[in-house]
Amino acid sequence: MNQKYETSRFPFFFLIAIISLTSVSAFYPFSPSVSSKVLNHRSSEPSYEGTWQRRNTNLISLSSTQEAISPTSTQAKDDLSRGDARGAALLLEDISVSRGNSQILSNINWRIEPKSKFALVGTNGAGKSTLLKAIMEELPYEGKVTIGTKQKVGYLQQTAVAGSTKTIFDEAASAMTEVAAAKAVLERAEERVASSTIPTDEDMDALVLATENFEMVGGYRQEQEVGSMLKGLGFTDLEQTCDQLSGGWQMRVSFAKTLLSKPSLCLMDEPGNHLDRSARKWLAQYLKSYDGGAMILVTHDVELLEAMDHIAEISAKSLQTYKSCTYSQYLELKEERALAAQSEYERNLEKANKLQDFVDKWGASATKATAAQSRVKQLEKMKARGELDAPPEAVLQENFKPRLKLPNPPKAMGDILLALRNAKVGHGANPLITDVNFEIQRGMKILIRGENGSGKSTLLHTLRGTLPLMDGERETNESLRMGVFTQDLAQELDVKARAVDLVTAYAREGSFGDINISDKDARTVMGGLGLTGDKSLRKIEALSGGEKARVALAMFALKPSNLYLLDEVSNHLDIECVEALSESLSEWGEEEGAVVVISHDKSFCDKVGFTHVATVEDGGLVLEQRSTNAADWDSSVATFQRSSDGEAADSSGETTEAKEIDPKLRKQAYNAPKRIAKIETIVEQKEEKVAELESKMMECGNDVGKLVDLTKEKQKLEEQVAELMEEWEQLEELLLQIQ
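Quick note, the sequence shown lines up with residues -26 to -1, 1 to 713 if you use mature numbering (1 follows the signal peptide of the UniProt record, and there is no 0).
In structure tokens, the structure reads:
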């Protein structure tokens, strides 16, 4: 009977298995063919450190290791200081860092709560990047760093690059290790079910759980999530391999990996470098809505700073936090603090002077000796408490504004300083820009704008003379004196040389150098940029990234030129130096000098006051005599929107602040004036033709056939005119919208 029961129930359980399989597949596409369609067309197999374990219920669960993901390495960083952070994501206790005999940080105490987003700010050389490196165990320090044991750490450095032969998509997606692990388990579960004539309950349970886990970790959203992020960062061809990218674009891939790894503690050092305005705008919106974990951000970009919830400031080797404070609010508080410190110092100084005057006047008097001695003790207590110490240099530097005065341009013979004639610009087999006829005349201030990869920097290299033309001619004025500032200039400095020696040597060298430039001249310019005291005497390797950029700017500013070429100066200069440079350029040149600039920094460009805008588009170059306007920036503003459940990038392209303008519409608007003029000419011709037909219709008499033919022809022309006028109205409306 038992045998009969077992035999009779076998088809029943087989039927249950089939029903279960069908029911689950209605909600989760876990069959081999479906999952292959979703993910397997990507060839990446990201590594994952984790184990799958069976629970007592015979279901499968994921036990993942917590790891630090550094975009410069494919391996997990396992030497971090982990432990009990007492509920915090990160805990710093009495951290001090020195370089040689110079102390950079002293007794830093900082508690980073889970999901708190901090902007780490301070003057150049204050120790911002140094603190991040200490947290990541990249340099020696005193004190205690504790990263919560369950924290997954992401770290983006200023110099990180991908350097991979994978496609852009696959390299970025490889950071989503949990998805890769869940996918592998799901595929194994599918294979077990598919290979079994009669799937067991255990196999079916494993498949259901694996499917649920794959969905839970975002497996079915991976392609959309990766694509949305890469698009936001400016990528268009996601199948291009990373080794074909420049260092700046590889940096963007590394940045995408850092964010896609979903760290619960994310450290980012200058993520805005190598990003154009569109990508920075997208990133600011992304970070503002980011709630995936704690974050420490070092940047000079105001939009990115405003995306953080709290501020931590390094000043005078110490750290002070401003909780629930935006960057703009912090600036107000900082100014109030500096003024209060200065006022208190002046009050104490005045009090001390009065005490000292009393001592000087009555110290020798027998009747006043006791009172004088009392005042001496008061003075000693004030000195002991530090009340007579001037505000620290770092506090004073917070209100320090760099000063930069560019030397007057040498006079040139003739109006044209440099020209390209019938030129092809590019490298390799394919030119980026063709039919270039471009003159740079005295008094011109030209902004070069265009999409990423259009050839702006290549054009600047060609103007500079460091990249030969593929065809055409490059003509230069015999009196041309060219000064160049590129985004990588600071990285090209001799790290073993002293800063002042580099600046002086650069000003003296070459046929256009001035051998009379002295160290004092160089230090005067460097001092105006905040490189005071022994900073000008330090070797380049001992300076921070921001200080190196100021050294490069001092080199640029000391040698007289009548043509300046600048490429994305905002990428490495801090906000104050960018403002100083823009103000100096706005006042420089008059009728003798010329400036050519590539920049995505709207504030910088507005202050320079451009006379011309050159647009690189569709392999051509168009030069317009005009200043910059809002349309120049709106065209490059990418939008980012999170839906109510936290997903990225709604296709509507709207945000709470701005609405994206389609690049195709932008292009139509750019060509609209020509098209409008052409439409008006065509309409005028067709209306003349209609008038002729009406005259002929009057002459038809009783010829009904001819009248019908003329009427049809007239109606056709009138329909064409109506369509043209509708297009004319749309173009006029588009121009109004753009303006």
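Just so you know, even glycine gets a beta-carbon here, dropped at the ideal spot from N, CA and C. All of these numbers come straight from a predicted model, not from anything done at the bench.
Comparing alpha-carbon positions, which option in V695, I653, A312, W607 lies nearest S252?
-> W607
Presumed contact (8 angstroms Cβ cut-off) between S90 and A268, rounded CB distance = 5 angstroms
N247 classed as buried or exposed, judged by whether at least 16 other C-beta atoms fall within 10 angstroms | buried
Per DSSP, what kind of secondary structure is F530 in: helix, strand or coil?
-> helix
Pick from E164, V191, N187, F188: whose alpha carbon is nearest that of M178?
-> E164
Please specify which runs of the alpha helix (DSSP H), each continuous and at least 4 residues long, are wholly inside the segment 411 to 445, giving them in chain order.
-> 430 to 438
Compute the beta-carbon to beta-carbon distance between L667 and K688, rounded to the nearest angstrom, for a pair I have assumed lies under 8 angstroms.
-> 4 angstroms
Grouping DSSP H, G and I as helix and E and B as strand, with all else coil, what is A612?
-> Bear in mind that the predicted position of A612 carries a pLDDT of just 37, short of 50, making it unreliable; the figure below should be weighed with that in mind. Residue state, collapsed to three classes: coil.
In angstroms, rounded to a whole number, what distance separates the CA positions of Q40 and Q198?
-> Unreliable positioning characterises Q40 in this predicted model, as indicated by a pLDDT of 35, which lies under 50. The coordinate reading is nonetheless provided below. Spanning the two alpha carbons is a distance of roughly 25 angstroms.
Exposed or buried, which one is M387 when buried takes at least 16 other CB atoms within 10 Å?
-> exposed
Would you call I489 buried or exposed, if buried means 16 or more other Cβ atoms sit within 10 Å of its Cβ?
-> exposed
For the segment 241 to 278, list the alpha helix (DSSP H) runs that are entirely contained and at least 4 residues long, ordered along the chain.
-> 251 to 263
For Y538 versus G439, is the C-beta spacing smaller than 8 angstroms?
-> no
With DSSP as the reference, please indicate the residues paired to F92 in a beta bridge.
-> I270, H284
What did DSSP end up calling I491 once you bin it into helix, strand or coil?
-> Correct three-state label for I491: coil.
Could you check how far apart the C-beta atoms of residue 714 and P237 are, in whole angstroms? I think they sit under 8 angstroms.
-> For residue 714 there is no data in the structure shown, the boundaries of the chain being -26 and 713.
Which same chain residues, not among the five before or five after F530, have their C-beta less than 7 angstroms away from its C-beta?
-> G457, F459
D541: which of C551, E564, V570 sits nearest, CA to CA?
-> V570
Beta-carbon proximity list for A149, same chain, < 6 angstroms, skipping 5 on both sides | Correct list, in chain order: K231, L234, S235.
Between T585 and Q415, what straight-line distance do the alpha-carbon atoms span, to the nearest angstrom?
-> 11 angstroms
Consult DSSP for E693 and reduce its assignment to one of helix, strand or coil.
-> helix
Could you check where the alpha helix (DSSP H) with E164 kicks off and where it finishes?
-> 151 to 169
Whole angstroms is fine: what's the gap from I69's alpha carbon to I288's?
-> 12 angstroms
Tell me, please, whether the segment 320 to 330 touches the segment 342 to 356 by the rule of three or more beta-carbon pairs shorter than 8 angstroms.
-> yes
Answer with yes or no whether the minimum CB distance from L307 to chain C is below 8 angstroms.
-> Among the protein chains of the structure shown there is no chain C, as only one such chain exists.
Taking 7 angstroms as the cut-off, does the CB of E280 come closer than this to any heavy atom belonging to the ligand GDP?
-> By its list of ligands, the structure shown contains no ligand whatsoever, and the ligand GDP lies outside what it can speak to.
Alpha carbon to alpha carbon, how far is K297 from F92?
-> 9 angstroms
Counterpart residues of S70 in DSSP-defined beta bridges = E116
Given a cut-off of 8 angstroms, decide if Y301 and L271 are closer than it, judged by their beta-carbon atoms.
-> no
Chain-order list of residues whose beta-carbon lies under 8 angstroms from that of R512 (same chain, five-residue window excluded) = R472, A473
Alpha helix (DSSP H) containing Y129: first to last residue?
-> First-last for Y129: 127 to 130, but that is the beta strand (DSSP E), not the alpha helix (DSSP H).
Helix, strand or coil: how does DSSP classify Q294 here?
-> strand
Decide if Q224 is buried, meaning its Cβ has at least 16 other Cβ atoms within 10 Å, or exposed.
-> The residue is buried, with at least 16 neighbouring Cβ atoms inside 10 Å.
Residue span of the beta strand (DSSP E) that contains W84, given as start and end = 76 to 86
Alpha helix (DSSP H) segment containing F459, residue limits = If you look at F459, you'll find it isn't in any alpha helix (DSSP H); it sits in the beta strand (DSSP E) that goes 456 to 459.
May I ask you to list the residues that DSSP assigns as paired with L65?
-> R85, T120
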